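Q:
Numbering (my numbering), first residue to last: 36 to 181.
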């Protein structure tokens, strides 16, 4: 059996004038980008366009912030589902924990219904306690069997 031979490139292949560069490297592939890489703004056009662009997006003083995303109703819904689940089994604890976290997040937002968020927090904590009680009870039952 003969050894395979690798042929050179055909004359149609052109070699680039400079070696390809790695982003952040100054000497092509010889130096890896180990330091911070400078970031240049990707703006096109004169600086006056940039000023007009930023002025167009500034909030107006008389306009109220419009926030349609509400978290408190979802937290309350999750807390009710978790509480209903925790009355029968302990596997509702992930939903209860999610409802507690969502209720805390909605309490920190100024546009949320605080009463709804408080109810979600209280029901979520109660569901967490009930679910944890179920899981502790189930763990004690497994110790008696084994």
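By construction, the Cβ of each residue, glycine as well, lies at the ideal position given by its N, Cα and C atoms. The model shown is predicted, which means the values in this text are computed figures rather than measured ones.
So for residue 177, helix, strand or coil by DSSP?
A: The residue you call residue 177 lines up with position 142 of the chain shown. Helix, per DSSP.
Q: Suppose you measure from the CA of residue 132 to the CA of residue 146; what does that come to, to the nearest Å?
A: As a working note, residue 132 is residue 97 in the chain shown. As a working note, residue 146 is residue 111 in the chain shown. So the alpha carbons of these two residues sit roughly 23 Å apart.
Q: Please list, in chain order, all residues of the same chain as residue 122 whose beta carbon is under 8 Å from its beta carbon, the five residues on each side excluded.
A: As a first step, residue 122 must be located in the chain shown, where it is residue number 87. Excluding sequence neighbours, residue 122 sits near 165.
Q: With 16 other CB atoms within 10 Å as the buried threshold, where does residue 168 fall?
A: Locating residue 168 in the chain shown gives position 133, where the first residue counts as 1. Around the beta carbon of residue 168, a 10 Å sphere encloses fewer than 16 other beta carbons of the protein chains shown; the residue is thus reported as exposed.
Q: Under a Cβ-count criterion, where at least 16 other Cβ atoms within 10 Å of its own Cβ denotes burial, should residue 41 be classed as buried or exposed?
A: Within the chain shown, residue 41 is the residue found at index 6, counting from 1. Result: exposed.
Q: Taking Cβ positions, are residue 141 and residue 159 nearer each other than 8 Å?
A: Walking along the chain shown from the start, residue 141 turns up at place 106. Walking along the chain shown from the start, residue 159 turns up at place 124. Not in contact: residue 141 and residue 159 (Cβ atoms no closer than 8 Å).
Q: Pick helix, strand or coil for residue 106, following the three-state DSSP scheme.
A: As a position in the chain shown, residue 106 is number 71, starting the count at 1. In the structure shown, residue 106 sits in coil (DSSP, three-state: anything other than H, G, I, E or B).
Q: Measuring only between beta-carbons, confirm whether residue 135 sits less than 8 Å from chain C.
A: Considering every chain present, this structure includes no chain C. It has just one protein chain.
Q: Do residue 106 and residue 144 count as a contact pair if the criterion is CB distance below 8 Å?
A: For the purposes of this step, residue 144 is taken as residue 109 along the chain shown, with counting starting at 1. For the purposes of this step, residue 106 is taken as residue 71 along the chain shown, with counting starting at 1. In this structure, residue 106 lies closer than 8 Å to residue 144 by Cβ.
Q: May I have the straight-line CA-CA distance separating residue 52 from residue 46, to the nearest angstrom?
A: Locating residue 52 in the chain shown gives position 17, where the first residue counts as 1. Locating residue 46 in the chain shown gives position 11, where the first residue counts as 1. A direct Cα-Cα distance of roughly 16 Å separates residue 52 from residue 46.
Q: Could you tell me the distance, in whole angstroms, from the CA atom of residue 170 to the CA atom of residue 148?
A: Position 135 of the chain shown holds residue 170. Position 113 of the chain shown holds residue 148. Distance between the alpha carbons of residue 170 and residue 148: 32 Å.
Q: Following the continuous alpha helix (DSSP H) through residue 138, name the residue where it begins and the one where it ends.
A: Position 103 of the chain shown, counted from the start, is the residue given in the question as residue 138. Looking at the DSSP string, the run of the alpha helix (DSSP H) that includes residue 138 is 128–142.
Q: Short check: CB of residue 162 to CB of residue 125, under 8 Å?
A: Counted from its first residue, the chain shown places residue 162 at position 127. Counted from its first residue, the chain shown places residue 125 at position 90. No. Outside cutoff.
Q: State the Cα-Cα distance for the pair residue 119 and residue 137, rounded to the nearest angstrom.
A: For the purposes of this step, residue 119 is taken as residue 84 along the chain shown, with counting starting at 1. For the purposes of this step, residue 137 is taken as residue 102 along the chain shown, with counting starting at 1. Roughly 18 Å separates the two Cα atoms.
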